[in-house]
Amino acid sequence: MQKIHCSYFKYCTLIFFCLVLNITSRAQEYGADELFSMARNAAFEEDDYPKAIKLAKQALDQSPDYTGIRIFLGRVYTWSKKTDSARVEFEKVLKDNPGHEDGSFAYGSLEYWNDNSKKALDIVNSGLEVHPDAENLLLLKAKVLRDLKEYKLAQEANSRLLKINPKNTEARSLSQRLTILSAKNQIGATYDFVYFDKQFDDPWHLASIDYSRQTKIGSIVARVNYANRFNNNALQFEVDAYPSISETFYAYVNAGFSDDAGIFPEYRAGFSLYANLPWALEAEAGFRLLGFDDQTWIYTASIGKYYKSFWFNFRTFLTPSNSSVSQSYSFMTRYYLGGADDFLSLRVGTGLSPDNQTNNILYNNGNQYRLKSDNIAIGYRKTLWSTNVLFIETGIQNQEYRQGEKGNQFTIGVGYLKRF
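One rule links them: number in my numbering = place in the sequence shown (from 1) + 15.
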């Protein structure tokens, strides 16, 4: 009986060692590519970074010169907040392959995310010396320079990227913000001619001049508006500010007053908070206040999206009253032909807008709660000699000016900007 037990034990031991040897031999059968694939699966599908690091190291033991695996390992270290280990891997990649595009981008991103923008810029520039048209490196360079407050250089890098690929959505989104930040000073002038087929016998003439300056807290704009309506002249004085809160948030603040409450609101104010979101989205929420005989509070929200060479924006204005809420909506799209100030635009909407000088006077006397409006406008904006911008817009508005009575309002406007 003892011999039987001994034989059984030897038999089980033999089977165990055979299984171990089989498993070990199968593990050794995995090549670097298979281990790399398993490591990516662990990182992206299983969200298991320790496992991904272990598998990537095993792959590098077999193929120490496999650059793609080493960059991947550095990235996983970055995501795991093991920045020193990540730097070791990236530096080895760039030592063996100076200016490697993917390695430069991964290492530059690590330093940018960890507030080492000067080092990030050196890394990215080294990569661009070898790959001058690399889109990912040009975009990262623009972001790094923006962080260093080198706005003109950031705009140059971003503009170069847009020349290479005008449909780069993230670069298109960044371009709009950099255009504002890169100009220290700006002067502008606009003129609008408004003709009515029924509502009024005489056309309206609207004009404005403004000066804006980029400051440490953001852009500040002083503006003087002129209007000739109902054969009367009036001026309105406004100040806009666009304080920068963080890379994600900035605000719009407005205040203004007029010497004639029948031509302009006696006073106005506004505030909006903007958020730059992932996927080239921008969201806004805020309010406008118009002071005529009574105060009118209008609340607004919008969502904007850059997609390739297009920008889309949907906005609503909500005006509460004692019994209801008046609603207006507008949709706007731009098709970019070049930089941030080179585009065709289309705008369609319903209702009144407190930001539109051609119809916000109709908020007076409580009319905003009843009057209906449908409008459409097209525009063109063009940069000339890099610092000059010309623009033109024309539109038609079918406006209810008394309950049940409508007329058409035709508008053509032109403008000029000079940045310096």
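No residue lacks a Cβ here, since even glycine has one placed at the ideal position from N, Cα and C.
Through-space distance from residue j to residue i, alpha-carbon basis
i           : j           : result
residue 68  : residue 96  : 13 Å
residue 261 : residue 217 : 47 Å
residue 448 : residue 264 : Outside the shown range of the chain (16 to 435) lies residue 448, about which nothing can therefore be said.
residue 100 : residue 111 : 17 Å
residue 228 : residue 290 : 22 Å
residue 342 : residue 326 : 23 Å
residue 34  : residue 77  : Its pLDDT being 49, under 50, residue 34 is placed unreliably in this model, and the coordinates cannot settle the point.
residue 50  : residue 73  : 7 Å
residue 359 : residue 367 : 23 Å
residue 421 : residue 414 : 5 Å
residue 305 : residue 273 : 11 Å
residue 323 : residue 187 : 7 Å
residue 286 : residue 86  : 45 Å
residue 382 : residue 134 : Caution is warranted here: a pLDDT of 49 is assigned to residue 382, below 50, making its placement in the model unreliable, and the coordinate value is therefore given only provisionally. One C-alpha to the other measures close to 59 Å.
residue 103 : residue 53  : 23 Å
residue 378 : residue 276 : 12 Å
residue 255 : residue 98  : 42 Å
residue 89  : residue 357 : 40 Å
residue 196 : residue 159 : 14 Å
residue 162 : residue 130 : 9 Å
residue 395 : residue 70  : 55 Å
residue 398 : residue 433 : 10 Å
residue 42  : residue 147 : With a pLDDT of 45 at residue 42, under the threshold of 50, the modelled position of this residue cannot be trusted, and the question is left open.
residue 303 : residue 312 : 6 Å
Identity of the residue in the options nearest residue i by Cα
i           : options            : result
residue 426 : 412, 432, 47       : 412
residue 376 : 251, 110, 360      : 251
residue 164 : 136, 146, 149      : 136
residue 431 : 418, 408, 417, 172 : 408
residue 362 : 352, 348, 374      : 348
residue 340 : 319, 318, 354, 314 : 314
residue 402 : 171, 379, 180, 435 : 435
residue 199 : 235, 207, 206      : 235
residue 215 : 167, 45, 416       : 416
residue 330 : 338, 337, 319      : 319
residue 474 : 364, 352, 369      : An answer regarding residue 474 cannot be provided, because it is not within the stretch 16 to 435 covered by the chain.
residue 169 : 259, 389, 140      : 140
residue 393 : 404, 231, 410, 400 : 410
residue 181 : 231, 55, 353, 389  : 353
Beta-carbon gap between residue i and residue j smaller than 7 Å
i           : j           : result
residue 192 : residue 219 : no
residue 226 : residue 202 : yes
residue 211 : residue 372 : no
residue 321 : residue 194 : no
residue 224 : residue 204 : yes
residue 119 : residue 83  : no
residue 124 : residue 355 : no
residue 173 : residue 157 : yes
residue 108 : residue 64  : no
residue 300 : residue 316 : yes
residue 429 : residue 206 : yes
residue 81  : residue 58  : no
residue 154 : residue 176 : yes
residue 257 : residue 267 : yes
Residue i burial status per 10 Å Cβ neighbour count (16 or more: buried)
i           : result
residue 247 : exposed
residue 105 : buried
residue 280 : buried
residue 391 : exposed
residue 293 : exposed
residue 334 : buried
residue 61  : exposed
residue 345 : buried
residue 418 : exposed
residue 332 : buried
residue 138 : buried
residue 295 : buried
residue 337 : exposed
residue 11  : There is simply no residue 11 to check, as the chain begins at 16 and stops at 435 in what is shown.
residue 309 : exposed
residue 438 : The structure shown has nothing for residue 438, since the chain only spans 16 to 435.
residue 253 : buried
residue 351 : buried
residue 144 : exposed
residue 386 : buried
residue 7   : A query on residue 7 cannot be resolved here, the shown segment of the chain reaching from 16 to 435 and no further.
Bridge partners - residue i, DSSP secondary structure assignment
i           : result
residue 288 : 266, 300
residue 214 : Beta-bridge pairing links residue 214 to no other residue.
residue 432 : 203, 404
residue 220 : 208, 243
residue 423 : 413
residue 74  : The partner list for residue 74 (beta bridge, DSSP) is empty, contrary to what the question assumes.
residue 53  : In DSSP, residue 53 forms no bridge with anything.
residue 389 : 365, 413
residue 225 : 203, 238
Test: residue i CB closer than 7 Å to a CB of chain C
i           : result
residue 282 : Absent here is chain C; the protein component of the structure consists of one chain.
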